Structure formats: C-alpha cells, structure tokens
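Read the structure below first, then the notes.
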Amino acid sequence: MSARESIIPVFVPHLGCPNDCVFCNQRRISGHQAPATVETVENAIETAAALPSNGAKRQMAFYGGSFTAIPVAEQEALLRAAKRYIDSGFLSSIRLSTRPDAIDEAVLERLSRYGVETVEIGAQSLDDEVLLRANRGHTAADVENAARLIKAAGFRLILQMMTGLPGDSGRQSIETAKKIIALKPDGVRIYPTVIVRDTALYDMWQMNEYPEHTVEKAVEVCAEIVPLFEEAGIPIIRLGLNPTDDLSGGDAAGGAYHPALGELVKSRIMLKKAEKLLEGVEARSVVLGVHPSLVSQLVGQHRGNIAVLMAKFALEDVKVRPADIEKGEVVLIDVAK
Ligand code: SF4
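Listed below in structure tokens is the structure:
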C-alpha cells in the first residue's frame with residue numbers, strides 16, 4: 000500500500016473458515032462479532048465517504064476470515080457490493096485475505112472479475128509439522144502453490160507468517176522467512192503468536208503443553224527474520240497484532256502481545272549491530288554513532304540496550320551520538336581505554 004492509498008476494512012470473522020486453528024478465535028481478534036453482509040460493505044463505504052480522502056485512493060479490504068472459502072453466492076454478493084463503488088470511481092480496488100487451500104484458478108478468475116488487486120494468504124508457517132500442530136488443515140506445499148497461482152494471475156501477493164507456534168523453536172520461523180522470500184511476495188505481515196482466550200492454544204498453555212512465546216522470545220526471533228526480508232527488499236507491512244480494546248482488556252492472555260512490538264524488534268536489531276561492532280574492542284568506555292532519527296532505538300527502552308552492552312563488554316560507559324551516516328548503520332566514534 001502506498002502513502003496515497005487508504006484502506007476501508009470490512010471484517011469477515013470466521014466466515015468461510017473450515018476449521019479451527021489452535022491460536023485463532025477470529026471473532027475476538029477482529030473485535031467484530033457479526034458476519035459481514037452487503038449492508039456492512041455499504042455502511043463502511045458511507046463512513047469512509049464522510050471523511051476527507053486528501054486525494055488518497057480508497058481500497059476496500061475484506062479481512063479476518065477465509066474469504067474465498069465462503070459459499071460462492073455470498074462471496075459474489077460482497078464483491079458485487081464493493082465493485083459498484085469501483086465502477087462509480089469511489090474505490091480504486093479490493094484486497095482480501097484467505098487460506099492457501101482456498102485458492103485455485105477459477106477462484107482467482109472470479110476475484111479478478113470483481114476488481115480484486117491484492118490477495119493475502121495466511122501461510123503462518125512453511126514447516127509441515129508446525130502447520131499440523133497448529134491444526135491449520137493445509138500444508139506448506141498448499142502455500143507455495145497458492146502463491147505461484149496468485150502471482151501468475153497478476154495479483155499483488157501478501158504473505159502472513161507467525162512465529163512461536165507449537166513446535167516452532169525459532170529455527171522453523173527463520174526457515175519459513177527464507178522460503179517466503181523465495182516466493183517473492185509484494186509484502187509480508189509477521190504475527191508472533193498471542194495466546195487468546197477461548198482458543199485451543201489457551202487450553203494447551205494452561206495444561207503446560209505449550210511454552211508461551213513471550214515478548215522477549217518474539218523480539219529475538221523477529222530480530223533474525225526482519226533483516227532477511229529487508230535485505231530481500233520485501234516490505235514488512237505489519238509486525239504484531241493490531242492492538243484492540245478486547246485484546247488489551249484481557250483477551251490476550253499471554254504470548255507476544257505488545258503495542259510497540261515493531262519498535263522493540265528494531266531496537267534489538269540495533270543492539271545486535273552494536274554488539275558485532277564491539278566484538279574484540281578493548282575499552283573502558285565507548286561512544287557509538289547512529290543516524291539522528293535512530294538514537295533512541297539504539298539506546299533502547301529504559302536504556303536497556305546500553306545496560307546490555309555495558310554488562311556484556313565490561314564497559315563503564317556507553318554513549319550514543321547522532322552521526323551523519325546511513326539509517327541502520329552503527330559506528331564507533333570514540334574509544335577510551
Ligand atoms: S483459517 Fe484463519 S480464520 Fe480460520 S481458524 Fe484458522 S486463522 Fe482462524
């Protein structure tokens with residue numbers, strides 16, 4: 000999505016979903032209980048029409064369920080309702096999210112006919128054992144097949160992956176990221192696992208059958224994955240679940256739920272760069288340089304990164320100064336022995 004596009008979301012909770020993934024209670028995650036109808040589409044458009052567009056293109060997004068697994072008549076009713084606003088020039092296009100095993104050539108032909116431009120696939124993992132334990136009901140091959148069909152048909156492809164699912168020690172997430180990169184999506188969303196109440200995962204956690212994917216573990220794994228996507232030039236359009244009142248109010252019972260997860264990950268990546276830089280450096284104190292906009296990222300929340308560097312390298316002091324360098328670089332400005 001460019002800066003000149005605005006999204007009009009319509010949630011289709013659990014509509015079309017053929018199974019129950021262990022981590023999912025889509026009605027709670029989306030924060031919307033009722034299934035989407037033609038009226039939902041029209042109301043969303045009316046609400047958006049009342050707001051200034053500032054020249055941005057408007058895109059309707061069907062999120063939350065498995066859109067292409069909905070009975071065809073219901074899919075077409077929703078798509079037809081949205082398409083009317085494409086034809087009138089109000090909307091520029093439609094995007095939607097779905098399951099990988101609910102994609103084939105006939106499905107894509109239908110989506111194309113109604114003006115869908117972007118298809119998001121919940122891949123979650125490309126490790127078959129992890130997919131099985133998450134009760135996803137599809138394989139890694141289904142994801143790869145869907146991704147190829149979507150790209151071949153000319154849609155923009157967004158892939159969603161999760162970290163910290165049962166059976167994923169972190170290695171599987173890193174392998175999944177590499178396999179996703181090989182599929183050349185136009186963007187990715189990374190969702191570290193959150194333990195949501197009223198899910199099978201919550202019960203597994205309560206029975207000590209699932210070790211919590213803590214914020215700390217998620218930050219560590221994502222600090223490995225994010226640079227892989229960045230090096231491949233694949234935009235990360237979301238990291239971590241969008242905070243909602245329900246999740247913050249207690250539905251997120253455990254796991255990697257943090258409103259600033261993305262910032263924590265960026266800060267960890269900077270810490271790793273600083274650690275690499277200081278390896279083998281003998282000093283009593285150091286001054287590190289970083290792009291002016293990233294000073295607080297390197298310092299870390301509550302000066303956490305500074306504390307780690309001081310302890311790890313037995314330093315008496317670590318200072319961070321703005322420097323005229325590329326974003327993401329960390330340099331050593333001064334060393335006192
Ligand atoms: S397929 Fe999607 S909507 Fe259905 S249970 Fe799994 S995550 Fe939830």
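For the sequence shown, numbering that gives the first Met the number 0 gives the first residue as 0, with consecutive numbering after it. Each residue gets a CB set at the ideal place from its N, CA and C atoms; glycine is no exception. Computed from a prediction, not measured in an experiment: that's the story for all the values here.
With burial defined as no fewer than 16 other Cβ atoms inside 10 Å of the residue's Cβ, what is the status of residue i: buried or exposed?
| i | result |
| --- | --- |
| residue 59 | buried |
| residue 263 | buried |
| residue 267 | buried |
| residue 29 | Model confidence at residue 29 stands at a pLDDT of 49, short of 50, so the residue's coordinates are unreliable; what they give is reported in the following sentence. Classification of residue 29: buried, given that the 10 Å Cβ count is 16 or more. |
| residue 119 | buried |
| residue 101 | buried |
| residue 206 | exposed |
| residue 149 | buried |
| residue 316 | exposed |
| residue 24 | buried |
Which same chain residues, not among the five before or five after residue i, have their C-beta less than 7 Å away from its C-beta?
| i | result |
| --- | --- |
| residue 297 | 269, 273, 287, 289, 304, 319, 329 |
| residue 201 | 194, 195, 252 |
| residue 66 | 11, 15, 74, 95, 96, 97 |
| residue 299 | 266, 270, 305 |
| residue 204 | 194, 211, 253 |
Could you pull out every residue in the same chain whose Cβ sits closer than 8 Å to the Cβ of residue i, ignoring the five residues on either side in sequence?
| i | result |
| --- | --- |
| residue 43 | 7, 8, 9, 59 |
| residue 282 | 312, 314, 334, 335, 336 |
| residue 40 | 9, 59, 77, 80, 81 |
| residue 178 | 125, 139, 143 |
| residue 3 | 54, 55, 56 |
Is residue i helix, strand or coil when you go by DSSP?
| i | result |
| --- | --- |
| residue 206 | coil |
| residue 112 | helix |
| residue 305 | helix |
| residue 169 | coil |
| residue 249 | helix |
| residue 30 | Its pLDDT being 49, under 50, residue 30 is placed unreliably by the model, and the measurement read from it follows with that caveat. Three-state DSSP puts residue 30 in coil, outside helix and strand. |
| residue 261 | helix |
| residue 85 | helix |
| residue 4 | strand |
| residue 92 | strand |
| residue 321 | strand |
| residue 65 | coil |
| residue 344 | Past the boundaries of the shown model lies residue 344; the chain is included only from 0 to 336, so the question cannot be answered. |
| residue 39 | helix |
| residue 292 | helix |
| residue 281 | coil |
| residue 146 | helix |
Using beta-carbon positions only, say whether residue i and residue j come within less than 7 Å of one another.
| i | j | result |
| --- | --- | --- |
| residue 122 | residue 158 | yes |
| residue 107 | residue 140 | no |
| residue 228 | residue 187 | yes |
| residue 198 | residue 161 | no |
| residue 5 | residue 55 | yes |
| residue 280 | residue 321 | no |
| residue 276 | residue 331 | yes |
| residue 189 | residue 231 | no |
| residue 169 | residue 220 | yes |
Note down, in chain order, each residue of its chain lying with its Cβ closer than 6 Å to the Cβ of residue i, except the 5 sequence neighbours on either side.
| i | result |
| --- | --- |
| residue 214 | 255, 257 |
| residue 136 | 18 |
| residue 182 | 146 |
Using CA atoms only, rank isn't needed, just tell me which of the options is closest to residue i.
| i | options | result |
| --- | --- | --- |
| residue 21 | 152, 133, 126 | 133 |
| residue 130 | 166, 103, 102, 111 | 166 |
| residue 156 | 128, 94, 48 | 94 |
| residue 222 | 292, 172, 90, 324 | 172 |
| residue 284 | 96, 308, 108 | 308 |
| residue 52 | 205, 90, 228, 105 | 90 |
| residue 138 | 99, 92, 302, 71 | 99 |
| residue 240 | 63, 19, 209, 33 | 63 |
| residue 114 | 231, 61, 124 | 61 |
| residue 85 | 116, 71, 164 | 116 |
| residue 128 | 175, 248, 327 | 175 |
| residue 235 | 185, 169, 37 | 185 |
| residue 325 | 45, 224, 302, 292 | 292 |
Between residue i and chain C, is any beta-carbon pair separated by less than 7 Å?
| i | result |
| --- | --- |
| residue 3 | In the structure shown, chain C cannot be found, because there is only a single protein chain. |
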